[in-house]
Ligand SMILES: Cc1ncc(C[n+]2csc(CCOP(=O)(O)OP(=O)(O)O)c2C)c(N)n1
Ligand SMILES: Cc1ncc(C[n+]2csc(CCOP(=O)(O)OP(=O)(O)O)c2C)c(N)n1
Ligand SMILES: [Mg+2]
Ligand SMILES: [Mg+2]
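Protein chains in written order, with this note's numbering: chain A, 1 to 333; chain B, 334 to 666; chain C, 667 to 979; chain D, 980 to 1292.
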């Protein structure tokens, strides 16, 4: 990591998409080895407009590719082994499944087999999540698949600031990093974002609300619902300690355990399917630590379903503000 | 499911590979819609010899394919939608990653989108696990990936009898089923196997050892080590209740909870990586049930690693008899 | 050509067009939500194919597949219902715009994963080997899909096994926002058929009669056991990749010629020679589709309580 | 041809052969464990390629890749150590027989996933666009790999971007236990290059000089910016797919001609004309490899305590 501690910072008003764009621009600017490519990423500026203007600014280092996820990911592995630092886009996390080999069997092994002498610092940007009308092939939350794969870091930013920060950290990291964004967040409106400044190492979580009654661990866009639920519960005198796990690998296990040690209650909320979701891992780590519980910990997620397109069908499948409130109340009993 | 309750049974001496072969032969024999195909599966009888003789017996319904996992799996989905019942082989579970889309985004959705009017009863046979000298791309235990995918059943037989039984059940099931075998078990020697007889519905676990002191849940070949550890602990007066989860989806949650309600201790042991492994799911379900624990439950698995080829490096990465004994003793304190 | 056939084709093209235009209106009105990909300008392909294949044949399309379903015979109201998330939709709202399916009409579905339908169609053809149906499978995908590994695997598999699959590549020049010609070294995509010793040809994809004739020939050839084929149907997408696409990537005037060459305008010119006004046909179709939309809108939304059914047997 | 060159080629082919034979002995002795794929009979390909490329070029192979590493310059003892699971192995035992790598020698590794090396090599070539190295990437895979989606994607990607990648398909007639000719409609696999508007040719894969000349030409052509190429090198695997393969799938006498046409026998015939005995060269090579094996065996096994290092930075 270069000495950027003295880099100047600036606060500016950016949408989530613009914050991602700013981070990409910074990486391309500061790290000459950075490449940026993927389907529609170059000239058109991305199907969600996230990479707009970057090709004009950085020329050949930013380009479009065929619809060939294995070639995109595989070439990123090869280019990284030769010293480039590719940032590639997989337009939807669902599409990673046509080329998962290149992540799991290839990318994740490079450093290990080479005992660190050759590495593959690839950043894979993707996005996931439900959205009204989206079909079963465009709605999955698949972070758990990647979190079972040693060798690949995973993060899931929700705020514009976090989107900027994690991507800059990822670009500077020597580990492969999967950054899971969310298309519903890209154009929600402007937020104040501090750009520039020192590069944080990867990892870490954020306490979004202080509280002593219950620890709630969550990540991704559903954090909004957790915070809304926390407001409702706060009005009832139930104070949640809401931890947003910005980084899922590495995961801030100690931060969560410390919180539960205080609250003695744990709720984990995610948008992914419940069975085999990362919530199980969080719950297990805390329970294994031997910390005391006042009530059995609990997970909320989608109840192991394919996702239907119709909003009336899909609308209530992910944890809602109400279901979070209900679960929390039950835990308090 | 046809009326086979009166089918005659026979006890015979079979290796695990032969038991799989017998189940395949039975499916091809009894269910005219069955097809059997994959790389080297037909004429050569499979790279592990598992499908030997079936092409000769069943002709065109058994055949070899190009090295094209997407075409193998995708064609199985299409053929199944038209009324066939394909049993296809993916030679190593690691190779499923070049074509995971066809399982997760395609196969798993057929019944759901069609509201049951069209289904895709595909059986995918594969095998996994560590073996001396096997490289990082041929050593993974990836069941957790599939267990996070609603719509696909998953089982993992260890004994020759179970290999026969689960495969027959899978062939008769109207759900897609992933059968995860283990190449280390194929040719270990003969076991008594009851063939023929009624077809069990999918699902279920087996209590391999009765005991009151601790519940141990495990699956796959590592069950052998758990049972060896149980012998050692038994000699010390620690009696393990060993549950082998033959079927992981559907999982016998209630059976495990009932056992823990009695033993008040839980250890889950698997060969997969610890983080995000299905052990987390098992632990979470039991803990969420609110059952009482005398000691915090615990998981054992590989410590989140890529798998090196050298036996001296890989030999001690999966839970060993010793590490299981140690973990159990710690839980008893 | 026979004027009755011209009229029949125009009617079908008009129905597909009117359905898409109606869907667009519903989308603008926020009744249809989410990514919606219209086939406007490309209707000759589904119309031609649907009139070339038999009841027992299996048709597979992409997210841009509303017209394929309609051409196969799915009632407009069931289509509209599906896009509107109604219980009365062809899949009760589960498929939606981009993943609907209608096996009872020989339409084995849209697919929202680029290229994924090709291996599945290959399996449908494979099944025909055993079930005596004589089925031919037709799988339709875009130019961009030619670069996806699964399409390659499917073509080789089908050709090595001589399976009756017709691979129809609808070349509209664009893969989302990127021109196909920059993503391949040889833009004549049908040349790739030779890699699999498979018949390949490029056809005018804006004329339903051409599509019917050529696809029909190849379908019957495949049915006769002579193996698969690749057809590259040249056409243009006259609208955005999805509704709402700002189309910033278009060169100025890019669509001028295409707008004169599109199936409905072309059929209109031919019909005019016979004194038939295509606009009358179109207005009729539009009325049909708007009525279907109204009927669908009057139906109840898909019932949330049913969302968890049918994951397993 | 110059006798010195013949001798040099024979020496390299003999070294690769002797290494494989020694590995086989070690496997029978249970010193090497697990799936081990020998390149016996196919050595002219690695020898020819390695002598055609430059230091800065990047070579990628498959699990049948021991010879590629050796030809690139990896010391025999480091190879043996790797297969024997020694700390002194080129990857300290982490790669093993089927996944070893030696970037410091321009060998970017074996790969045990069929076809997966092709996109990675494409990325190595892509990197050359930016780093001024002039690097050409050469990726080697088998006939069976031609049917894998990732190889298709890599070829299209490389050709569309005119990247300097040479795709070398080693056609030994078999994909594990299945004959390639039954898995494709056109067994002349180099024809597939045309699908990508890429140069393709079939060459004699049993003659190091032919391989060197043809691959050399294409490598320099690629380096000059004229894009990728596909070379189909015809050869025969004289042994099982892996050690222990019973080879039940062979037709009787199948290898009779191949045994007369294999690189070492061929070179032996040519050298005999110059009065040089190839067996002397082979015995020398065998002595070198056995000494390397002995040296490796004397080294300590890879230390279990290190197994958890280097998963992350
Ligand atoms: C495997 C995969 N990669 C990427 C996408 C995103 N995507 C959806 S449509 C599309 C463009 C497809 O272009 P083409 O095949 O020409 O079809 P068209 O949209 O023009 O009909 C892309 C890249 C996807 N759905 N699936
Ligand atoms: C994706 C994938 N599918 C299947 C396999 C199993 N497999 C290993 S080698 C092989 C045959 C490859 O044949 P070919 O490409 O001709 O190479 P050869 O072994 O003849 O050198 C197969 C099917 C694999 N390793 N990876
Ligand atoms: Mg297109
Ligand atoms: Mg071969």
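Even glycine gets a Cβ: it sits at the ideal position worked out from N, Cα and C. None of the values given here were measured: they were computed from a predicted structure.
Going along chain A in order, which residues have a C-beta closer than 8 Å to the C-beta of residue i?
| i | result |
| --- | --- |
| residue 973/C | 305, 308, 313, 314, 316, 317 |
| residue 1103/D | 78, 79, 81, 82 |
Does DSSP put residue i in a helix, in a strand, or in coil?
| i | result |
| --- | --- |
| residue 708/C | coil |
| residue 397/B | strand |
| residue 1203/D | helix |
| residue 1127/D | coil |
| residue 1183/D | strand |
| residue 334/B | In this predicted model, residue 334/B has a pLDDT of only 45, less than 50, meaning its place in the structure is not dependable enough to derive any value. |
| residue 476/B | helix |
| residue 985/D | helix |
| residue 1038/D | strand |
| residue 405/B | helix |
Under 7 Å between beta-carbons, which chain B residues line up against residue i? List them in chain order, please.
| i | result |
| --- | --- |
| residue 819/C | 401, 403, 404 |
| residue 721/C | Chain B residues near residue 721/C: none, gap ~14 Å exceeds 7 Å. |
What does residue i pair with, by DSSP beta-bridge criteria?
| i | result |
| --- | --- |
| residue 841/C | 844/C |
| residue 1250/D | The partner list for residue 1250/D (beta bridge, DSSP) is empty, contrary to what the question assumes. |
| residue 335/A | Lying outside 1 to 333, the shown extent of chain A, residue 335/A is not represented and no answer is given. |
| residue 13/A | 192/A |
| residue 926/C | Beta-bridge pairing links residue 926/C to no other residue. |
| residue 371/B | 397/B, 422/B |
| residue 273/A | 302/A |
| residue 1148/D | 1120/D, 1211/D |
| residue 1000/D | Paired residue(s): none; residue 1000/D is not in a bridge. |
| residue 616/B | Partner(s): none; residue 616/B has no beta bridge. |
| residue 511/B | 457/B, 487/B |
Count the other CB atoms, across all protein chains shown, that sit within 10 Å of the CB of residue i; report buried if there are 16 or more and exposed otherwise.
| i | result |
| --- | --- |
| residue 1211/D | buried |
| residue 1205/D | exposed |
| residue 169/A | buried |
| residue 450/B | exposed |
| residue 190/A | exposed |
| residue 1238/D | exposed |
| residue 2/A | In this prediction, residue 2/A scores a pLDDT of 48, lower than 50, which makes its location untrustworthy; the coordinate-derived value is nonetheless stated afterwards. When all chains shown are included, residue 2/A counts as exposed. |
| residue 981/D | exposed |
| residue 670/C | exposed |
| residue 831/C | buried |
| residue 1021/D | buried |
Cβ closer than 8 Å: which chain D residues qualify as neighbours of residue i?
| i | result |
| --- | --- |
| residue 65/A | 1136 |
| residue 362/B | Per Cβ cutoff of 8 Å: no residues; residue 362/B is ~24 Å from chain D at best. |
| residue 111/A | 1289, 1290, 1291, 1292 |
Going along chain A, which residues have a C-beta under 7 Å from residue i?
| i | result |
| --- | --- |
| residue 998/C | The requested residue 998/C does not occur in the structure, where chain C is confined to residues 667 to 979. |
| residue 465/B | Ordered by position in chain A, no residue passes the 7 Å Cβ test against residue 465/B, which lies about 18 Å from the chain. |
Quick one: does the C-beta of residue i sit closer than 7 Å to a heavy atom of ligand 5?
| i | result |
| --- | --- |
| residue 220/A | Absence of ligand 5 is noted for the structure shown, with ligand 1, ligand 2, ligand 3 and ligand 4 being the only ligands found. |
What does residue i touch in chain C if you count any residue whose Cβ is under 8 Å from its own?
| i | result |
| --- | --- |
| residue 1174/D | 852, 857, 858, 860, 861 |
Quick one: which chain D residues come within Cβ less than 7 Å of residue i?
| i | result |
| --- | --- |
| residue 83/A | 1106, 1110 |
| residue 658/B | Going along chain D, no residue has its Cβ under 7 Å from residue 658/B, so there is no contact; the nearest lies around 19 Å. |
If the cut is a Cβ gap below 8 Å, which residues of chain B does residue i touch?
| i | result |
| --- | --- |
| residue 128/A | By Cβ distance, chain B contributes nothing, its closest Cβ being about 13 Å from residue 128/A, past 8 Å. |
For residue i, return the contacting residues in chain C, with the cut-off set at a CB-CB distance below 9 Å.
| i | result |
| --- | --- |
| residue 1139/D | 813, 848, 849, 850, 851 |
Report task. Kindly provide the chain-ordered list of residues whose Cβ lies closer than 7 Å to any non-hydrogen atom of ligand 4. Result -> 1121/D, 1122/D, 1123/D, 1149/D, 1150/D, 1151/D, 1152/D, 1153/D, 1154/D, 1159/D, 1216/D
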